[in-house]
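**Student:** Sequential numbering from 2 applies to the sequence shown in the numbering used here.
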Amino acid sequence: MISDKNDPRAPNILLSTLGGVCGALAIIAYAASAHSGASQLGIIAPLLLGHAPALLVLSIFAPLSRAALLGGVLLIVGLMLFCGSLLYLELIGNRLFPYSAPLGGILMIIGWLTASATGWFSKKA
2 MISDKNDPRA
12 PNILLSTLGG
22 VCGALAIIAY
32 AASAHSGASQ
42 LGIIAPLLLG
52 HAPALLVLSI
62 FAPLSRAALL
72 GGVLLIVGLM
82 LFCGSLLYLE
92 LIGNRLFPYS
102 APLGGILMII
112 GWLTASATGW
122 FSKKA
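(1) Let me make sure I understand the geometry here. Which of Thr-119, Leu-88, Leu-92 and Gly-73 has the alpha-carbon closest to that of Met-109?
(2) For Ala-69 and Ser-117, what's the separation of their Cα atoms in angstroms?
(3) Mind checking which residues open and close the alpha helix (DSSP H) that includes Arg-67?
(4) Shortest alpha-carbon distance to Leu-57 belongs to which of Leu-114, Ile-77, Phe-83 and Ser-101?
(5) CB Ala-46 to CB Ala-63, shorter than 7 Å?
(6) Between which two residues does the alpha helix (DSSP H) carrying Leu-48 extend?
(7) List the whole-angstrom C-beta distance separating Phe-83 from Gly-106, where the pair is believed to meet the contact cut-off of C-beta under 8 Å.
(8) For a quick check, are the C-beta atoms of Ser-60 and Leu-87 less than 7 Å apart?
(9) Measure the CB-CB distance between Ser-66 and Thr-18 and report whether it falls below 7 Å.
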């Protein structure tokens with residue numbers, strides 16, 4: 002466990018852990034969708050599975066580039082809002098809050114664009 006807030010591995014651990022969690026949640030969502038017929042879970046699963054390897058790759062570059070870390074954080078928050086809204090709709094029947102899914106989608110778009118700038122704004126190795 003890392004307790005030093007200045008440890009350079011902290012961004013790696015955050016993004017790689019959440020990348021792994023996204024992958025696991027994707028498999029759970031696929032299985033639940035297949036066995037229950039929950040349509041929203043079928044939408045959530047590929048989003049989570051597609052972002053899992055991206056977060057794992059960004060975790061490698063996060064110590065060298067603030068753009069990688071920021072892009073990863075934006076992707077995570079966007080996924081939480083978008084997928085959380087769809088999951089809440091599936092389970093409860095309402096949206097998380099008005100425009101939560103579109104806001105999540107916008108944050109994911111900005112996250113991908115920010116991640117694409119990683120090579121341009123990285124520290125020298």
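Every residue gets a Cβ at the ideal spot worked out from N, C-alpha and C, and that includes glycine.
**Tutor:** Let me lay it out:
(1) In the sequence shown, counting from the first residue as 1, residue 109 sits at position 108. Checking every option, the nearest Cα to that of Met-109 belongs to Gly-73.
(2) Taking the first residue of the sequence shown as position 1, residue 69 is located at position 68. Taking the first residue of the sequence shown as position 1, residue 117 is located at position 116. Taking the straight line joining both Cα atoms gives about 8 Å.
(3) Locating residue 67 in the sequence shown gives position 66, where the first residue counts as 1. Note, Arg-67: alpha helix (DSSP H), 67–93.
(4) Taking the first residue of the sequence shown as 1, we reach residue 57 at position 56. Measuring from the Cα of Leu-57, the nearest candidate turns out to be Ile-77.
(5) Translated into positions along the sequence shown, residue 46 becomes position 45. Translated into positions along the sequence shown, residue 63 becomes position 62. No, they are not a contact pair.
(6) Here residue 48 is taken as the residue at index 47 of the sequence shown, counted from 1. Segment 40–62, the alpha helix (DSSP H) holding Leu-48.
(7) Sequence index remark: in the sequence shown, residue 83 carries index 82 (1-based). Sequence index remark: in the sequence shown, residue 106 carries index 105 (1-based). 5 Å between Cβ atoms; contact.
(8) Numbered from 1 along the sequence shown, position 59 holds the residue referred to as residue 60. Numbered from 1 along the sequence shown, position 86 holds the residue referred to as residue 87. No; because the gap between Cβ atoms is not below 7 Å, this pair is not in contact.
(9) Here residue 66 refers to the residue found at position 65 when the sequence shown is read from its first residue. Here residue 18 refers to the residue found at position 17 when the sequence shown is read from its first residue. No; because the gap between Cβ atoms is not below 7 Å, this pair is not in contact.
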